[in-house]
Amino acid sequence: MRRRSWGAFFGYFFATFIVLEALVVAVGFQSYNKVIALKTDTLIGNAANKLAVAELVLNNKIELINETLELLSHHSLVRDYLIRDTAGRRHAVEAHWVAILEAGLAYQKLALIDLTGQELVGSYRLEDGSITRLPSEEKFNWANSLEFSYVQQLGSDEKYYPPPEFREDEKNEPVVPLDATIRVFTPIEFASKKAGYLMLTLKADRLVARLRSLPQMVVGEPMMVSQDGYYTFHHDMTKIYGNRYPSRSHHKFQNDYPEAWATVKSQGVGTHSGVFTGNHATFVYNRVDPERKFRKPFYLVLRISDNAVQLAAMEPIKSMLVTLSISAGLVFLLAIIAGGIGGGRAKAQHQRRLSQAMVESMSAVIVTDEQGHVQDVNPSFERITGYKETEIIGQLPDMLKSAEHKPTFYALMVKRLLKEGFWRGEVWCQLADARSHPMLVEIHAIKDKRGRVTNYVGSCLDLSEQKLLEVELREKSLRDPLTHCWNRRYLTELLKSELARQRRYGHPLAVATFDIDKFKSINDNFGHDVGDQVLVRCCDQVRRQLRRSDSLSRVGGEEFVIVLPMTHRDGAEILIERIRLKLAALLDEPRFTVSFGLTVALPTDDMGDLLKRADQALYEAKAAGRNRSFFAKINHTAEVHVSAELLQPEAGVPKKAQ
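The following block contains the structure:
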């Protein structure tokens, strides 16, 4: 008899332990996958923001180069030198150019080229950062280069942007050490005739260096890749410029990651950024110059390995493992209890119900008979649902059904439970306070030795806090950490949604871009901490003027975008002018002003068209003297098409004087 008791004990012990331990492992595996997925999304968003910042840095540098070349092409010193080449005039030009290179820390070289391709005057930055004038023996002759054939075709005020490349000598051989640069050429005209060309360059690898220096950098490999798939920058410098070194020709992004490269190339000319997962890594990339400003575009890529994701998720995984270890210990204790109380048939049935309820002791547990009538609930059921035990015993658990689900949902649940004896999934349950809560529900059919169902045991785990945490984490990934404005990723999603709504329903949509005037001087004179405070003050004041339906996004250092749904041109202009005046009237030091570019969406607009038009208006506001707002110019055909719909004044708003 004693042997039989021990046999029953170990039988129930091992059966209970194996079943419950398998359940713990399944829950742990699902939790692990959720943690990894959430951390991957966070790292992808972080990497996308860093690539966007790096590209913004490039665009700012290119705009600065454009402005510099525009001023130099009409500068009296250059014009005087072209009229007559004297030592004094040459010295004046070189001294002025040295000052320009010293002021623009990103500049690498500034040179004047004659119509034959010979560099006449130039200055360049040495490896130690000092500036020197270009010696005669280092003046490059561009006559035989492919770039110069494109430069000679430039018209008045046009500019040419070759793809990033390293410096070459007159025999088209690379200059060692390799010095990747981005060049910009523009012609100089004198007396309505072309008199020469100006060239200004900056280091291309500063883009990748920018990725490395950004705070909160993810564990990843920054790369710059040419349109042909060759590395222009790689952490292993022996792999770069395989298009120029036969011994390196097999070192290509295209060869190392063929699936990722196929995805990048298949995105199309207009695609700006994207994500590819494969090859045991996630690739986040930006196609630089989507508007085809460069003769050949190139790509900035961040490779986030699976190991990097696991390393970043180490802390939440450790917490999960601690929870699973505690659960495993509880399972062992419950298995001992189940084995100790194993005995007769009736008692065994009771203990199976008890062990099933105890393993989910932190969940709401409900036990029914084979017809579905409630026989027992645990204390957590009363605490979580708000229903008393006396209210539900003997009843069907229909009071937990929520209007969030259709009747077919519950019909399919019962059908699968009857067929398989098990059902698991997320369900919205209506609690005693008439509110619906998300629950993780599991229902098991308990059978006797003959295989007949005697009871059903269900457990409900409240997921409300988890859902709130997921929403909070997603919002954090879409917020700028300094100003708490939305970031570029959220702006992209919002504009796609609003443009789709505008095309479908014809609702008006206005967009404004703005930045703080002379923000660099604030950082230089007061420090970056004060600059950050200015950004926060500016955003707080702008948000006070916006409606709940409007949104404010930070897309760069001091550059922001305001999206105004259901807003016509006049209403938008009045709001933007009010914001501008409020900001200019702030008394806290340092004081600052803001320039705005404003436009409304046309039926044919995509996101790029809309933002480009607003940016152009902002540029015009800057050129007109700053501290003002400009409405973007719309071509006559488009304006006639939308004048009756999108450009009309809102009801009750007086039309502005033209």
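The sequence shown: position 318 = 318 (full-length UniProt numbering), numbered continuously.
Cβ coordinates follow ideal geometry from the N, Cα and C atoms, glycine included.
To test your reading of the DSSP string, which unbroken beta strand (DSSP E) runs of 3 or more residues are found completely within the stretch 106-157?
107-113, 119-125 and 131-133
Considering Phe526, what are the terminal residues of the alpha helix (DSSP H) in which it resides?
Phe519 to Phe526
Around the C-beta of Tyr285, are 16 or more other C-beta atoms found within 10 angstroms, so that it is buried, or is it exposed?
buried
Would you grab the beta carbon distance between Thr385 and Asn455 for me? Rounded to a whole angstrom, and I think it's under 8 Å.
That belief does not hold up - the Cβ atoms of Thr385 and Asn455 are roughly 20 Å apart, past 8 Å.
Go ahead and pull the three-state DSSP assignment for Gly88.
helix
Which same chain residues, not among the five before or five after Trp486, have their C-beta less than 8 Å away from its C-beta?
Leu478, Arg479, Asp480, Leu494, Ser551, Leu552, Ser553 and Arg554
Can you tell me whether Pro215 is buried or exposed? The criterion is at least 16 other CB atoms within 10 Å of its CB, across all chains shown.
Residue confidence for Pro215 is low, a pLDDT of 44 falling below 50, so the modelled location carries little weight; the figure read from the coordinates is stated next. Pro215 comes out exposed.
From Val534, Asp524 and Tyr505, residue whose alpha carbon lies closest to that of Asp515
Val534
Leaving out five residues on either side along the sequence, give the residues of the same chain with a beta carbon under 8 Å from the beta carbon of Gln545.
Leu575, Arg578, Ile579 and Lys582
Pairwise C-alpha distance: Leu300 and Thr40:
19 Å
Should Pro590 and Phe519 be called a contact, given that it needs their Cβ atoms to be closer than 8 Å?
no
State the DSSP-derived secondary structure class of Val561, mapped to helix, strand or coil.
strand
Status (buried if at least 16 other CB within 10 Å, exposed otherwise) for Ala614:
buried
Which residue's Cα is closest to the Cα of Glu420: Lys401, Gly531 and Ile446?
Ile446
Backbone CA spacing between Phe630 and Phe596 [nearest angstrom]
6 Å
Three CB pairs or more closer than 8 Å across the stretch 98-114 and the stretch 130-142
yes
Do you know whose CA, among Leu509, Leu611 and Asp306, lies nearest Pro603's CA?
Leu509
Could you tell me the alpha carbon to alpha carbon distance between His528 and Arg626, rounded to whole angstroms?
22 Å
Return the CA-CA distance between Lys496 and Tyr490, expressed in angstroms with no decimal places.
10 Å
Where do the N-terminal and C-terminal ends of the alpha helix (DSSP H) with Leu491 fall, by residue?
Arg488 to Tyr505
Between the beta-carbon of Leu154 and the beta-carbon of Ile65, is there less than 8 Å?
no
At the level of alpha carbons, what is the spacing between Thr282 and Thr232?
20 Å
For a quick check, are the C-beta atoms of Pro397 and Ile443 less than 8 Å apart?
no
Extract the residue ranges of the beta strand (DSSP E) inside the stretch 351-436, only unbroken runs of 3 or more that lie entirely within it.
364-369, 374-377 and 422-430
Just curious, the alpha helix (DSSP H) that Asn255 is in, first and last residue?
Phe253 to Asp256
At which residues does the alpha helix (DSSP H) containing Tyr81 begin and terminate?
Ser76 to Ile83
Taking the beta carbon of Asp517 as the centre, do at least 16 other beta carbons fall within 10 Å, making it buried, or is it exposed?
buried
For Gln108, is the classification buried or exposed, using 16 other Cβ atoms within 10 angstroms of its Cβ as the cut-off for buried?
buried
Just how far apart, CA to CA, sit Arg452 and Leu23?
23 Å
So if DSSP puts Phe276 in a beta bridge, which residue, or which two residues, is it bridged to?
Phe283
State buried or exposed for Arg125, treating a residue as buried only when at least 16 other CB atoms are found within 10 Å of its CB.
buried
Using a Cβ-Cβ cut-off of 7 Å (strictly less than) and excluding sequence neighbours within five positions of Ile336, which residues of its own chain qualify?
Phe13
Taking the straight line between their C-alpha atoms, what separation do you get for Phe17 and Leu461?
21 Å
Beta-carbon separation of Ile188 and Val78 under 8 Å?
yes
Gly394 to His405 span [Cα, whole Å]
24 Å
How would you call His280, buried or exposed, if buried means at least 16 neighbouring beta carbons within 10 angstroms?
exposed
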